[in-house]
Amino acid sequence: MVRSMTAFARVERAGAHGTLSWELRSVNHRYLEPHLRLPDAFRELEGAVRDALRQGLSRGKVECTLRFAEENLRGSLQVDRERATQLVAAAEAVAALIERPAPLNPLEVLAWPGVLVADVADPQALNRDALSLFEQALDELKAGRAREGADLARLIDDRLDTIGAEVAALRELVPQMLAAHRHRIVERFRDMQAELDPQRLEQELVLLAQKSDVAEELDRLDTHVGEVRRVLKAGGAAGRRLDFLMQELNREANTLGSKAFDTRSTQAAVNLKVLIEQMREQVQNIE
Numbered sequence: 001m002v003r004s005m006t007a008f009a010r011v012e013r014a015g016a017h018g019t020l021s022w023e024l025r026s027v028n029h030r031y032l033e034p035h036l037r038l039p040d041a042f043r044e045l046e047g048a049v050r051d052a053l054r055q056g057l058s059r060g061k062v063e064c065t066l067r068f069a070e071e072n073l074r075g076s077l078q079v080d081r082e083r084a085t086q087l088v089a090a091a092e093a094v095a096a097l098i099e100r101p102a103p104l105n106p107l108e109v110l111a112w113p114g115v116l117v118a119d120v121a122d123p124q125a126l127n128r129d130a131l132s133l134f135e136q137a138l139d140e141l142k143a144g145r146a147r148e149g150a151d152l153a154r155l156i157d158d159r160l161d162t163i164g165a166e167v168a169a170l171r172e173l174v175p176q177m178l179a180a181h182r183h184r185i186v187e188r189f190r191d192m193q194a195e196l197d198p199q200r201l202e203q204e205l206v207l208l209a210q211k212s213d214v215a216e217e218l219d220r221l222d223t224h225v226g227e228v229r230r231v232l233k234a235g236g237a238a239g240r241r242l243d244f245l246m247q248e249l250n251r252e253a254n255t256l257g258s259k260a261f262d263t264r265s266t267q268a269a270v271n272l273k274v275l276i277e278q279m280r281e282q283v284q285n286i287e
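Last residue of the sequence shown: number 287 in UniProt numbering, and the count goes up by one each step with no gaps.
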């Protein structure tokens, strides 16, 4: 099954010390590009979260936001003395560069992120809960990408059916179009009251048949349609392969249009290009 790169997931879990929630948003991108927003107390999770994303996804820009709403348990507040000391030292170093600096306000130091911390029982337990909840969110994101991927595959498959019908109809029309063109040439000569050389006429028709021979292009279109179906059925990270096949389909449709000598073949080439472009837009969202 192919998967879309567009999805959203949100999970939440309440615990003894507060409520954890993850929001994951993914959109299409050439490569896997994670963007993490974690509270300072959960920074050590970054490596594990990135590893989980690499194992679960292959492409897409993924925004991962963790929020922690802490419960007011009336516990004691603690000062991270090491962080506060570093902050004061940095402030004094800057103050030395300024003439008559304002005195350092202790409340401003306490307001700095990570200086004032609640007395939580086990920060490591919170990290484990957050990582476990992230894995649940990632599973939901992957399920959403799979559902949308299935919808995209159905849309592409419908257009492949239409392309197959266009190609089959054009195969049947080619002999009729050549016969009609031969008739027009004969009529033109008659209207001009010119002497019609049967040998010269046959030579011209042979040249026309060679220039307008689209059997190879039609065969390639059928082959590419079959390959797109195979890739969709195989699933996995198929986006780049499908994008390449869209380029090949478009190349054959362009060649078909350049060889067109009848309004019906011209219209068929236009119809094919429209269908291929519609598929290409959908393929851009496939992982």
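Quick reminder that beta carbons are idealized off the backbone N, C-alpha and C, glycines included.
Remember, predicted model here, so these are calculated numbers, not experimental data.
Keeping to the same chain, check which residues put their C-beta closer than 7 angstroms to that of residue i; ignore five residues upstream and five downstream.
i: Gly235; result: Met1, Val2
i: Arg280; result: Met246
i: Ala153; result: Val2, Leu232
i: Ala84; result: Val109, Val115
i: Phe134; result: Trp22, Val49, Ala52
Does the beta carbon of residue i come closer than 8 angstroms to any beta carbon on chain C?
i: Ala238; result: Absent here is chain C; the protein component of the structure consists of one chain.
Helix, strand or coil for residue i? Go by DSSP, reduced to three states.
i: Glu70; result: strand
i: Ser58; result: coil
i: Arg83; result: helix
i: Glu63; result: strand
i: Ala14; result: strand
i: Val27; result: strand
i: Phe261; result: coil
i: Thr6; result: coil
i: Gly114; result: coil
i: Glu135; result: helix
i: Ile98; result: coil
i: Pro34; result: strand
i: Gly235; result: coil
i: Leu104; result: coil
i: Gln284; result: coil
Using the beta-carbon count (16 or more within 10 Å), is residue i buried or exposed?
i: Ile98; result: exposed
i: Arg59; result: buried
i: Arg230; result: exposed
i: Cys143; result: The amino acid occupying residue 143 in the given sequence is Ala; Cys does not appear at that position. That one is exposed.
i: Gly239; result: buried
i: Glu252; result: buried
i: Gly149; result: buried
i: Ser4; result: buried
i: His17; result: buried
i: Asn285; result: buried
i: Leu218; result: buried
i: Val115; result: buried
i: Ala96; result: exposed
i: Val228; result: buried
i: Leu107; result: exposed
So, at 8 angstroms on beta carbons, what are the nonlocal neighbours of residue i in its own chain, with the 5 sequence-adjacent residues on each side left out?
i: Leu275; result: Arg159, Thr162, Ile163, Glu166
i: Pro113; result: Asp40
i: Arg50; result: Pro34, Leu36
i: Thr266; result: Gly257, Ala260
i: Glu287; result: Val2, Arg3, Ser4, Met5, Leu57, Ser58, Arg59, Gly60, Arg145, Gly149, Ala237, Ala238, Gly239
i: Val88; result: Leu104, Val109
i: Ala169; result: Ala268
i: Pro123; result: Ala41
i: His29; result: Met5, Arg59, Gly60, Lys61
Could you tell me how far apart the beta carbons of residue i and residue j are, in whole angstroms, since I believe they sit closer than 8 angstroms?
i: Leu32; j: Arg10; result: Going by Cβ atoms, the distance from Leu32 to Arg10 rounds to 21 angstroms, so no, they are not a contact pair.
i: Leu155; j: Gln282; result: 6 angstroms
i: Leu45; j: Leu131; result: 6 angstroms
i: Leu141; j: Ala7; result: 5 angstroms
i: Asp129; j: Arg13; result: 7 angstroms
Please list, in chain order, all residues of the same chain as residue i whose beta carbon is under 6 angstroms from its beta carbon, the five residues on each side excluded.
i: Leu249; result: His224, Ile276
i: Val214; result: Leu256, Lys259
i: Met177; result: Asp262
i: Arg264; result: Leu173
i: Ala91; result: Leu104
Should residue i be listed as close to the ligand ZN, given that the test is whether its C-beta is under 7 angstroms from any heavy atom?
i: Met177; result: Summarising the ligand content, the structure contains no ligands, and the ligand ZN is consequently not present.
Counting beta carbon pairs with one atom in the stretch 163-174 and one in the stretch 210-227, are three or more of them shorter than 8 angstroms?
Taking one beta carbon from each stretch, the stretch 210-227 and the stretch 163-174 have 3 or more pairs nearer than 8 angstroms; the two touch.
Sufficient close CB pairs (3 or more, under 8 angstroms) joining the stretch 63-72 to the stretch 34-41
The stretch 63-72 and the stretch 34-41 touch, with no fewer than 3 CB-CB distances between them shorter than 8 angstroms.
Counting Cβ pairs, one atom from each stretch, are 3 or more of them under 8 angstroms apart for the stretch 52-64 and the stretch 11-28?
yes
Stretch-stretch touch, CB-based, cutoff 8 angstroms, three pairs: the stretch 265-282 with the stretch 244-257
yes
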